[in-house]
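The structure appears right after this line, and notes come after that.
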Amino acid sequence: MANVNKVMLLGNITRDLEVRYTPKGTAVCDLGMAVNRIRTGDNGERIEEVTYVDVTLWGRQAELAGQYLSKGRSVFIEGRLQLDQWDDKQTGQKRSRLRVVGENMQFIGGQGGSGSNQSGSGAPRQQ
17 MANVNKVMLL GNITRDLEVR YTPKGTAVCD LGMAVNRIRT GDNGERIEEV TYVDVTLWGR
77 QAELAGQYLS KGRSVFIEGR LQLDQWDDKQ TGQKRSRLRV VGENMQFIGG QGGSGSNQSG
137 SGAPRQQ
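Adding 16 to a residue's 1-based position in the sequence shown gives its number in our numbering.
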């Protein structure tokens, strides 16, 4: 049976980004996103739900995110889910979290209302 691990998120950056580098020189950027969903409640009232998602970008994607994105900016991220598991050093308990590993990124809005599409190489293209 075939498996699919694909995530598409459109949301806002929740904190300023910081790019770091692995010992081999690969750029890594961890960012937080807030993704909103609006639904209608039982009484017809509008209910807004916010989901916070951790995203990791690698290589040129990470460098471009660090250069062009900041807290509050809108971005579209396409990627895959990854489960991280570790033992908490303080409590000894097993811990886990899901995060998105970004594979494609598109800047939404920005200067002059233009967007940029970025899929991993070169400078952002104006649309």
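Note that beta-carbon positions come from the ideal geometry of N, C-alpha and C, so glycine has one too.
On a predicted model such as this, the values are computed, not experimentally measured, just so you know.
> Should Val35 and Glu64 be called a contact, given that it needs their Cβ atoms to be closer than 8 Å?
Replying inline: Annotated as distal: Val35 and Glu64, with beta-carbon spacing of 8 Å or more.
>> Quick check: what's the CA-CA separation for Gly88 versus Met24?
In response: A direct Cα-to-Cα measurement between Gly88 and Met24 gives close to 18 Å.
>> Between which residues of its own chain and Thr42 is the CB-CB distance below 7 Å, once the five residues before and five after are set aside?
In response: Take Thr42, set aside five residues on each side of it, and the residues of its chain with a beta-carbon closer than 7 Å to its own are Trp74 and Gly75, in chain order.
> Buried or exposed: Lys29, going by 16 or more other Cβ atoms within 10 Å of its Cβ?
Replying inline: Per the sequence shown, the amino acid found at residue 29 is Ile instead of Lys. Ile29 is buried by the Cβ-count criterion.
> Three-state secondary structure (DSSP) at Trp60?
Replying inline: Per the sequence shown, residue 60 should be read as Gly rather than Trp. The three-state secondary structure of Gly60, taken from DSSP, is coil.
> Three or more beta-carbon pairs under 8 Å between the segment 83-102 and the segment 119-126, yes or no?
Replying inline: Taking a cut-off of 8 Å for Cβ pairs, the segment 83-102 and the segment 119-126 touch, as three or more such pairs fall below it.
>> Going residue by residue through the segment 98-130, where are the continuous beta strand (DSSP E) segments of at least 3 residues, counting only ones entirely within it?
In response: Every beta strand (DSSP E) stretch that sits fully inside the segment 98-130 and reaches 3 residues is listed by chain position as 110-124.
> Considering only C-alpha positions, which residue in the set Thr56, Asp58 and Val51 is nearest to Val69?
Replying inline: If we check each option's Cα against that of Val69, Val51 comes out closest.
> Which term fits Gly108, buried or exposed, when burial requires 16 or more other beta carbons within 10 angstroms of its beta carbon?
Replying inline: Exposed, by the Cβ-count rule.
> Residues in its own chain within less than 6 Å of Arg53 by CB, not counting five upstream and five downstream?
Replying inline: Its chain contains Glu65 as the residues whose beta carbon lies nearer than 6 Å to that of Arg53, once the 5 sequence neighbours on both sides are disregarded; these appear in chain order.
>> Need the endpoints of the beta strand (DSSP E) that Gly27 sits in, please.
In response: That run of the beta strand (DSSP E) goes Val23 to Ile29.
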